[in-house]
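Participant: Dropping a structure here in structure tokens format, bear with me for questions.
2 protein chains.
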Amino acid sequence: MHVRRPATLASLAAELGVSRTTVSNAYNRPDQLSPELRRRVLDTARRLGYPGPDPVARSLRTRKAGAVGLLLTENLSYAFRDPAAIGFLEGLALACEDAGTGLLLVPANPEREDVASVHRAGVDGFVVYSVPDDDPHLAAVLERPVPTVVCDQPDLGTVDRVGIDDRGAMYELAQHLISLGHRRIGVVCMRLARDRNDGFVTPDRQHAAHFHVQRNRLSGLAEAFSEAGVDWSQVPVVERFDHNPSSGASGAAQVLDRDPQVTALICTSDVLALGAMTEAARRGLRVPHDLTVTGFDGIRGAEEAGLTTVRQPVLEKGRAAGKLLLDANERSRPRSVNLATELMIGNTSGPPRGGAEERWFGP
Amino acid sequence: MHVRRPATLASLAAELGVSRTTVSNAYNRPDQLSPELRRRVLDTARRLGYPGPDPVARSLRTRKAGAVGLLLTENLSYAFRDPAAIGFLEGLALACEDAGTGLLLVPANPEREDVASVHRAGVDGFVVYSVPDDDPHLAAVLERPVPTVVCDQPDLGTVDRVGIDDRGAMYELAQHLISLGHRRIGVVCMRLARDRNDGFVTPDRQHAAHFHVQRNRLSGLAEAFSEAGVDWSQVPVVERFDHNPSSGASGAAQVLDRDPQVTALICTSDVLALGAMTEAARRGLRVPHDLTVTGFDGIRGAEEAGLTTVRQPVLEKGRAAGKLLLDANERSRPRSVNLATELMIGNTSGPPRGGAEERWFGP
DNA sequence: AATTGGTTCTGAACCGTTACGGTCCTTTCA
DNA sequence: TGAAAGGACCGTAACGGTTCAGAACCAATT
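These protein sequences, in sequence, are chains F and C. Under this note's numbering, the first residue of the first sequence carries the number 614, and numbering increases by one thereafter. Under this note's numbering, the first residue of the second sequence carries the number 614, and numbering increases by one thereafter.
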């Protein structure tokens with residue numbers, strides 16, 4: 614008894630006394646051979662334990678992998694913890710499903726600069742979701758000769774892009790707060806770069822932020838409040854590397870410790886905002902009476918909490934990214950899609966306590 | 614100006630006047646050639662726009678795809694909506710990440726019997742998660758000559774398996790309810806087979822259920838309550854095809870309409886149980902005073918709601934599946950891993966209203 | 001009898017790479 | 001000074017398919 618090498622298309626053809634072409638056709642083009650022969654091929658295949666054409670070899674020849682790659686900056690598992698990321702994934706998965714395409718989650722450990730995983734990925738295209746714009750994995754993706762769609766990234770001009778108007782949406786949210794009378798505010802934002810910096814953020818760091826989304830949200834805030842006469846450089850902005858409610862809570866605490874007089878706490882994500890709410894409650898601050906809290910994203914938890922936030926269509930974003938990628942028919946000019954957002958005014962925003970600002974600056 | 618064919622390792626070698634082996638070594642085994650030559654190779658590669666060795670060709674030659682496939686029965690996007698599935702995915706993603714392996718989500722539309730996606734997947738192994746045991750996609754996976762791990766599936770004896778003791782865990786939960794005095798109960802369960810059957814379930818259908826997990830949970834219940842003297846064939850068991858809270862609500866409604874006297878509603882998942890709670894509230898039934906409700910899984914929402922349930926380590930399940938697969942070193946005998954569960958007694962279970970049962974059957 | 005057309009099947013080229021087993025040329029050391 | 005060791009590089013043979021231009025055959029038409 615010897616170890617039999619697994620059957621291949623060639624060995625099957627030899628066994629049958631037909632050409633490899635015929636065996637190939639039996640699987641891929643049934644109309645190209647007589648039904649009897651086809652049956653004989655398939656029967657023999659079963660008898661020999663031939664599992665059908667090898668997918669990798671087929672991919673090599675046809676130049677199609679039947680899968681798209683997804684690059685996330687975070688540890689791969691992070692994606693399954695962030696509600697917005699999950700929504701994006703769901704949308705992308707839907708688009709892939711429609712096209713019968715697989716979705717390959719590419720491991721991109723942000724710690725190591727190991728880009729091999731990008732090189733090793735057998736895919737027909739990439740979707741890059743919210744990575745820092747100086748991420749080496751992103752650079753590696755852009756070098757691969759396959760279509761790419763970036764999402765929540767700056768428009769590179771060379772590849773398709775889908776996103777929202779983070780800056781404009783945050784500007785609008787700020788306007789809402791300004792109209793309520795808020796002038797003394799604090800901000801809690803997500804990480805701005807690849808290095809950990811849990812603490813206050815200088816204006817320089819804000820401008821130089823490598824995460825497009827955060828940079829633009831902050832810039833929308835800065836613009837609106839500057840126009841309203843607020844000296845943005847004096848506004849406490851706190852950054853948190855990890856993205857979860859307890860980061861939001863500790864960030865809020867840091868802002869409130871620095872300036873207990875802030876009337877509004879603006880968070881650049883709902884997850885952070887929900888944490889900030891917890892911290893407010895811990896301090897006995899009633900929202901919105903004593904403190905206004907706002908978020909961004911429009912996740913389910915935010916809705917349940919009645920959070921004032923900006924709703925963005927995360928699922929649609931994923932689906933749009935997938936569609937753009939899978940329908941990269943011809944070398945048309947790179948497309949750029951902006952999806953609509955919606956300001957959701959909940960019950961966590963209201964006029965500052967006692968309307969102090971209005972009294973001081975009113976007519 | 615002509616369309617230049619993309620550079621390959623061979624064309625690069627020709628350009629440089631070295632062998633293909635050398636170019637290959639420049640990328641894969643830097644120690645096999647002099648630093649100067651390597652630099653020259655890499656520089657020329659950049660100049661010619663050669664993106665590095667083609668991953669598919671490499672996979673063909675090395676017989677490694679660098680990815681594992683995940684097969685789910687549901688529409689691919691379903692995975693991102695079910696908390697337990699998300700937990701599993703996260704665990705699996707963690708294991709893959711550790712190994713530097715990609716995770717390919719294989720589209721397996723349960724509508725079509727189209728198994729091509731399984732054949733097309735270039736992977737080094739498969740994880741199969743909670744599909745009906747007669748699913749053609751599962752059969753297709755088993756035909757592929759790669760290691761496979763099934764999760765929440767019956768032990769096939771031929772491939773590795775990871776899961777929990779669904780039957781035992783549900784038996785234990787039932788014991789808890791029995792000890793509280795419940796004898797008149799109703800059940801809401803998830804789909805039992807590939808066909809849609811939103812309604813009452815015959816004992817036959819319970820036995821023949823194609824979803825291993827549901828079959829065993831029901832069987833654990835049946836065993837415990839039968840031992841307690843309950844005629845299981847009279848217990849209303851309602852099935853729901855879709856898995857979401859509103860299915861739980863409508864399922865609960867159907868049970869309560871049939872028998873308003875039930876004192877406990879046992880749901881085979883937390884998601885269903887949370888829906889059942891909503892329905893109870895809608896009917897003005899206080900939980901647990903008027904009605905006991907239990908779930909299964911131990912998702913976050915259940916914890917927050919104080920649901921009596923069985924906690925199972927979903928993340929660990931995913932991680933274990935990944936480890937088993939990635940460490941499929943030698944042809945050892947197929948392994949079978951059972952993870953521990955924990956009965957979580959919350960505040961949704963209590964003695965039947967007025968202790969009626971006890972009074973009727975007491976000493 | 002020659003032409004046409006349609007099936008059915010074949011042969012050879014090709015996809016882009018890596019594994020394997022060399023060869024050749026310098027050093028090193030006794 | 002010769003043998004052994006080691007570094008640097010190369011040629012060939014897969015890896016397992018798909019594709020495309022025909023060849024062979026047969027029936028029907030001209």
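All C-beta atoms in this analysis are idealised placements derived from N, C-alpha and C, irrespective of residue type, glycine included.
Mind reading off the beta-carbon distance from C:His856 to C:Ser882? Whole number of angstroms is fine, and I expect it under 8 Å.
Facilitator: To locate residue 856 of chain C, count along the second sequence from 1; it is residue 243. To locate residue 882 of chain C, count along the second sequence from 1; it is residue 269. 7 Å between Cβ atoms; contact.
Participant: In whole angstroms, what is the alpha-carbon distance linking F:Pro666 and C:Pro664?
Facilitator: Numbered from its first residue, the first sequence carries residue 666 of chain F at position 53. Numbered from its first residue, the second sequence carries residue 664 of chain C at position 51. Each residue's Cα considered, the two are about 28 Å apart.
Participant: Determine, for C:Thr891, whether the minimum Cβ-Cβ distance to residues of chain F falls below 8 Å.
Facilitator: By one-based count along the second sequence, residue 891 of chain C stands at place 278. Cβ-Cβ to chain F under 8 Å: no for C:Thr891.
Participant: Output the distance between the C-alpha atoms of F:Ile912 and F:Asp870, rounded to the nearest integer angstrom.
Facilitator: Here residue 912 of chain F corresponds to residue number 299 of the first sequence, with the count starting at 1. Here residue 870 of chain F corresponds to residue number 257 of the first sequence, with the count starting at 1. If I take the Cα positions, the gap works out to 28 Å.
Participant: Report buried or exposed for C:Glu892, applying the criterion of at least 16 other Cβ atoms within 10 angstroms of its Cβ.
Facilitator: For the purposes of this step, residue 892 of chain C is identified with residue 279 of the second sequence, where counting begins at 1. With 16 or more Cβ atoms within 10 Å of its Cβ, C:Glu892 is classed as buried.
Participant: Whose C-alpha, out of C:Leu707, C:Val759, C:Thr686, C:Met783, is nearest the C-alpha of C:Ser746?
Facilitator: Locating residue 746 of chain C in the second sequence gives position 133, where the first residue counts as 1. Contrary to the premise, residue 746 of chain C reads as Asp rather than Ser in this sequence. That would be C:Thr686, whose Cα lies nearest to the Cα of C:Asp746.
Participant: Return the CA-CA distance between F:Gly662 and F:Glu756, expressed in angstroms with no decimal places.
Facilitator: The count along the first sequence starts at 1 and reaches residue 662 of chain F at position 49. The count along the first sequence starts at 1 and reaches residue 756 of chain F at position 143. The alpha-carbon atoms of F:Gly662 and F:Glu756 are separated by roughly 40 Å.
Participant: My output table needs one value for C:Met803: the three-state DSSP class, helix, strand or coil.
Facilitator: The count along the second sequence starts at 1 and reaches residue 803 of chain C at position 190. Coil, per DSSP.
Participant: Which same chain residues end up closer than 7 Å to F:Gly781 when comparing Cβ atoms and leaving out the 5 residues on each side of it in sequence?
Facilitator: By one-based count along the first sequence, residue 781 of chain F stands at place 168. Here the set comprises Gly833.
Participant: Considering Cα atoms alone, identify which of F:Asn951, F:Gly682, F:Thr876 is closest to F:Leu793.
Facilitator: Position 180 of the first sequence, counted from the start, is the residue given in the question as residue 793 of chain F. Of F:Asn951, F:Gly682, F:Thr876, the residue nearest in Cα terms is F:Thr876.
Participant: Would a C-beta distance cut-off of 8 Å place F:Val681 and F:Val740 closer than the cut-off?
Facilitator: Against the first sequence, residue 681 of chain F aligns to sequence position 68. Against the first sequence, residue 740 of chain F aligns to sequence position 127. A contact, by the Cβ cut-off of 8 Å.
Participant: Between the C-alpha atoms of F:Arg946 and F:Cys764, what's the straight-line distance to the nearest angstrom?
Facilitator: Position 333 of the first sequence, counting from 1, holds the residue named residue 946 of chain F. Position 151 of the first sequence, counting from 1, holds the residue named residue 764 of chain F. Distance between the alpha carbons of F:Arg946 and F:Cys764 is about 17 Å.
Participant: Given a limit of 7 Å on CB to CB distance, which residues of the region 629-644 of chain C reach chain F?
Facilitator: So the list is empty, because no residue satisfies the distance condition.
Participant: Report the rounded CA-to-CA distance for C:Asp768 versus C:Ser949, giving the unit in angstroms.
Facilitator: Position 155 of the second sequence, counted from the start, is the residue given in the question as residue 768 of chain C. Position 336 of the second sequence, counted from the start, is the residue given in the question as residue 949 of chain C. Cα to Cα, the separation comes out at about 7 Å.
Participant: Evaluate F:Phe813 with the Cβ neighbour count: other Cβ atoms within 10 Å of its Cβ, from every protein chain shown; 16 or more gives buried, anything less gives exposed.
Facilitator: Working through the first sequence from its first residue, we reach residue 813 of chain F at position 200. Answer is exposed; the Cβ neighbour count stays below 16.
Participant: For F:Arg674, does the count of other Cβ atoms within 10 angstroms reach 16, so buried, or fall short, so exposed?
Facilitator: Here residue 674 of chain F is taken as the residue at index 61 of the first sequence, counted from 1. Exposed, by the Cβ-count rule.
Participant: Can the beta-carbon of C:His795 be found closer than 8 Å to that of C:Pro965?
Facilitator: In the second sequence, residue 795 of chain C corresponds to position 182, counting from 1. In the second sequence, residue 965 of chain C corresponds to position 352, counting from 1. Cβ distance < 8 Å, so C:His795 and C:Pro965 count as in contact.
Participant: Mind checking if C:Pro668 is an interface residue toward chain F, Cβ cutoff 8 Å exclusive?
Facilitator: Mapped onto the second sequence, residue 668 of chain C falls at position 55. By this cut-off, C:Pro668 is an interface position.
Participant: Is it true that the CB of C:Phe909 sits closer than 8 Å to the CB of C:Arg853?
Facilitator: As a first step, residue 853 of chain C must be located in the second sequence, where it is residue number 240. As a first step, residue 909 of chain C must be located in the second sequence, where it is residue number 296. Not in contact: C:Arg853 and C:Phe909 (Cβ atoms no closer than 8 Å).
Participant: One question on the structure: do C:Gly776 and C:Val927 come within less than 8 Å of each other, judged by their Cβ atoms?
Facilitator: Residue mapping note: residue 776 of chain C aligns to position 163 of the second sequence, counting from 1. Residue mapping note: residue 927 of chain C aligns to position 314 of the second sequence, counting from 1. Not a contact, by the Cβ cut-off of 8 Å.
Participant: In whole angstroms, what separates the C-alpha of F:Asp644 from that of F:Val719?
Facilitator: Stepping through the first sequence from its first residue, residue 644 of chain F is reached at position 31. Stepping through the first sequence from its first residue, residue 719 of chain F is reached at position 106. One C-alpha to the other measures close to 38 Å.
Participant: Give the C-beta separation of C:Ser860 and C:Gly888 to the nearest angstrom, bearing in mind that I take them to be a contact with Cβ-Cβ under 8 Å.
Facilitator: For this step, residue 860 of chain C is matched to residue 247 along the second sequence. For this step, residue 888 of chain C is matched to residue 275 along the second sequence. 6 Å between Cβ atoms; contact.
Participant: For a minimum of 3 consecutive residues, which ranges assigned as the beta strand (DSSP E) are wholly contained in the region 737-788 of chain C?
Facilitator: Complete beta strand (DSSP E) runs here, min 3: 739-742, 761-764, 773-777.
Participant: In chain order, what residues of the same chain lie with their CB nearer than 7 Å to the CB of F:Ala639, ignoring the 5 residues before and after it?
Facilitator: Along the first sequence, one-based indexing puts residue 639 of chain F at 26. Here the set comprises Leu646, Arg651, Val654, Leu655.
Participant: Between the Cα of C:Leu707 and the Cα atoms of C:Gly959, C:Thr634, C:Ala934, which residue gives the shortest distance?
Facilitator: For this step, residue 707 of chain C is matched to residue 94 along the second sequence. Nearest C-alpha to C:Leu707: C:Ala934.
Participant: Kindly indicate which three-state DSSP category F:Phe813 falls into: helix, strand or coil?
Facilitator: Against the first sequence, residue 813 of chain F aligns to sequence position 200. Strand at F:Phe813.
Participant: Per DSSP, which one or two residues make a beta bridge with C:Ala680?
Facilitator: On the second sequence, position 67 is the one that residue 680 of chain C refers to. Partner(s): C:Gly715.
Participant: Tell me which residues share the same chain as F:Gln788 and place their Cβ nearer than 6 Å to its Cβ, disregarding the 5 neighbours each side in the sequence.
Facilitator: Numbered from 1 along the first sequence, position 175 holds the residue referred to as residue 788 of chain F. Cβ neighbours of F:Gln788 beyond the five flanking positions: Ala837.
Participant: Would you kindly work out how many angstroms separate the C-alpha atoms of C:Asp808 and C:Asp711, rounded to a whole number?
Facilitator: Counting from 1 along the second sequence, the entry for residue 808 of chain C is found at position 195. Counting from 1 along the second sequence, the entry for residue 711 of chain C is found at position 98. Their Cα atoms are separated by approximately 38 Å.
Participant: Between which two residues does the alpha helix (DSSP H) harbouring C:Leu885 extend?
Facilitator: Position 272 of the second sequence, counted from the start, is the residue given in the question as residue 885 of chain C. Run containing C:Leu885: 883-895, per the alpha helix (DSSP H) assignment.
Participant: At the level of alpha carbons, what is the spacing between C:Arg694 and C:Gly914?
Facilitator: Counting from one through the second sequence, the residue named residue 694 of chain C turns up at place 81. Counting from one through the second sequence, the residue named residue 914 of chain C turns up at place 301. Roughly 13 Å between the two C-alpha positions.
Participant: Express the C-alpha separation of F:Val669 and F:Ala627 in angstroms, rounding to a whole number.
Facilitator: The residue given as residue 627 of chain F occupies position 14 in the first sequence. The residue given as residue 669 of chain F occupies position 56 in the first sequence. Taking the straight line joining both Cα atoms gives about 22 Å.
Participant: How many Å lie between F:Arg774 and F:Arg932 at the Cα?
Facilitator: As a first step, residue 774 of chain F must be located in the first sequence, where it is residue number 161. As a first step, residue 932 of chain F must be located in the first sequence, where it is residue number 319. Those two C-alpha atoms are separated by around 12 Å.
Participant: Would C:Gly864 and C:Thr921 qualify as a contact pair, given that the criterion is a beta-carbon distance under 8 Å?
Facilitator: Taking the second sequence and counting its residues from 1, one reaches residue 864 of chain C at position 251. Taking the second sequence and counting its residues from 1, one reaches residue 921 of chain C at position 308. No, these two residues do not count as a Cβ contact at 8 Å.
Participant: Rounding to the nearest angstrom, what Cα-Cα distance links C:Ile791 and C:Ala806 in this structure?
Facilitator: Counted from its first residue, the second sequence places residue 791 of chain C at position 178. Counted from its first residue, the second sequence places residue 806 of chain C at position 193. Taking the straight line from one Cα to the other gives about 29 Å.
Participant: From the DSSP output, which residues share a beta bridge with C:Asn951?
Facilitator: Along the second sequence, read from residue 1 onward, the residue named residue 951 of chain C stands at position 338. DSSP lists C:Gly776 as partners of C:Asn951.
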